[in-house]
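Numbering (the numbering used here), first residue to last: 367 to 858. Even for Gly, the Cβ is constructed at its ideal location relative to N, Cα and C. A short write-up of the structure that comes next.
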Ligand code: SAM
Ligand code: SF4
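Now the structure itself:
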């Protein structure tokens, strides 16, 4: 398939990851990338439906593309991802100029569906209701990839989610939890390292329950033992007990194996669920030098009433005690979180409880969201308990103040210290500066003595701090990148 393509991603890292795979498939089929929609023969919109504004931005973008397609009818538009999974046929009804609609379980079919569209000359809609559990080759991480940043790789370790948080549409659009074989994950990281990737982020909706579906499957079989496991789960199985009592690997085992792949300097992961954060994970984070001192631990609410209504499976006290264990076990730990304000039925007292817990947690940063009703979720039906939007926005402003206070405090505490920074590229505000991330994921800006490629690790002395970033002075280059650069980026 000749021509140029562009992939636009809406939403989370899981979508960024899938977009890199769609790009990989299109390039394997002969297409070339472009950054401009105006130059593209194929435009892929990889969508999110976690909050309503994500829906709106898709339909806004489709509106713009309509006029382009009126002028260039050969332009092909693909809508992929969570919103496609949720809205299915209605996307093609609302936007008949779309050529292909594909869901979250068939990323691997992107090219075939485009070919089918050309053969049949009619809109192709393919939404599978679930991933074929036994066919692990269909894990998007196993597909060809074109990485946005050659030095950083995202690796899915599990798909879907078995929890039922009342606000969340993910289980409906991503399906039940399926763990990817241990050996396949490690092999993917080894291949990425051979390509020059030095930073790996392990992705899953509930990473600490990695492998739980295997236990459930094994329990369903009489006399099941570790021998019943797919061989690829056993590759490098340092985790198995001599007496066969451990039937599956834990997330901590994965951190240890991925963290010791030669060439990998940093391992991150997102997201752990507070109810499943195990001491073994904290121990592995503390012991494996490549695993970064950063924990993203979604709180969602500080009120026990709201946490129970959300079905989160922990209380505020339990959350704080797990956090205290993590801080005690991992020196220099940075902690970030997700919080929703205005969940149905949230009172002023509930909102005040969230402020208290957030202050006590002392976050380095937080993603804060106003509750957005999602069709088909339990909370989406609680219409009579919806919180007035202005009240929610006001609560959000107060929460932001609490978060900013603690993030400024922890950023100021870095002033005077040496930090290792992975260079991302030129600073958005000042092209004479470079921006990068520390192991704790803090954003740092500094002026390099000469141009440095993204992917370089440097030492920076921190000189000042704001709520969102640090400013520093370049000290030294620690290591230079070895990945191929697709689009040259200069700095200085
Ligand atoms: N699996 C992760 C966990 O359990 O924390 C969350 C994944 S979700 C893609 C990312 C974040 O979006 C959630 O942590 C939550 O704060 C937010 N979110 C999800 N549904 C939402 C909704 N209906 N309204 C507002 N925010 C929502
Ligand atoms: Fe959604 Fe809850 Fe699953 Fe996270 S754990 S993806 S919030 S259902």
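C-alpha distance - residue i paired with residue j, whole-angstrom precision
| i | j | result |
| --- | --- | --- |
| residue 519 | residue 558 | 7 Å |
| residue 380 | residue 725 | 29 Å |
| residue 505 | residue 567 | 16 Å |
| residue 576 | residue 543 | 9 Å |
| residue 466 | residue 418 | 22 Å |
| residue 859 | residue 685 | The structure shown does not extend to residue 859, since the chain is modelled only from 367 through 858, so no value can be given for it. |
| residue 795 | residue 831 | 16 Å |
| residue 468 | residue 368 | 21 Å |
| residue 694 | residue 727 | 13 Å |
| residue 859 | residue 372 | Lying outside 367 to 858, the shown extent of the chain, residue 859 is not represented and no answer is given. |
| residue 499 | residue 464 | Confidence at residue 499 is low in this model, with a pLDDT of 48, below 50, so the placement of that residue should be treated as unreliable; the coordinate-derived value is given next. Those two C-alpha atoms are separated by around 30 Å. |
| residue 782 | residue 838 | 9 Å |
| residue 415 | residue 521 | 21 Å |
| residue 491 | residue 480 | 11 Å |
| residue 616 | residue 549 | 13 Å |
| residue 477 | residue 444 | 10 Å |
| residue 759 | residue 434 | 37 Å |
| residue 604 | residue 828 | 40 Å |
Buried or exposed by the 16-neighbour rule on C-beta atoms within 10 Å, applied to residue i
| i | result |
| --- | --- |
| residue 780 | buried |
| residue 820 | buried |
| residue 533 | buried |
| residue 488 | exposed |
| residue 777 | buried |
| residue 560 | exposed |
For residue i, the three-state DSSP class (helix, strand or coil)
| i | result |
| --- | --- |
| residue 571 | coil |
| residue 818 | coil |
| residue 422 | helix |
| residue 430 | helix |
| residue 799 | coil |
| residue 577 | coil |
| residue 381 | helix |
| residue 481 | helix |
| residue 703 | strand |
| residue 323 | There is no way to answer for residue 323, as the model of the chain reaches only from 367 to 858. |
| residue 849 | coil |
First and last residue of the uninterrupted beta strand (DSSP E) at residue i
| i | result |
| --- | --- |
| residue 492 | 490-492 |
| residue 374 | 370-375 |
| residue 790 | 784-792 |
| residue 412 | 408-413 |
| residue 636 | 632-636 |
| residue 312 | An answer regarding residue 312 cannot be provided, because it is not within the stretch 367 to 858 covered by the chain. |
| residue 827 | 823-831 |
| residue 809 | 809-813 |
Residue i CB to nearest heavy atom of the ligand SAM below 7 Å
| i | result |
| --- | --- |
| residue 672 | no |
| residue 738 | yes |
| residue 639 | yes |
| residue 415 | no |
| residue 542 | no |
| residue 706 | yes |
Any non-hydrogen atom of the ligand SF4 closer than 7 Å to residue i Cβ
| i | result |
| --- | --- |
| residue 574 | no |
| residue 381 | no |
| residue 571 | yes |
| residue 531 | yes |
| residue 534 | yes |
| residue 537 | yes |
| residue 527 | yes |
Alpha helix (DSSP H) segment containing residue i, residue limits
| i | result |
| --- | --- |
| residue 726 | 714-727 |
| residue 691 | 682-695 |
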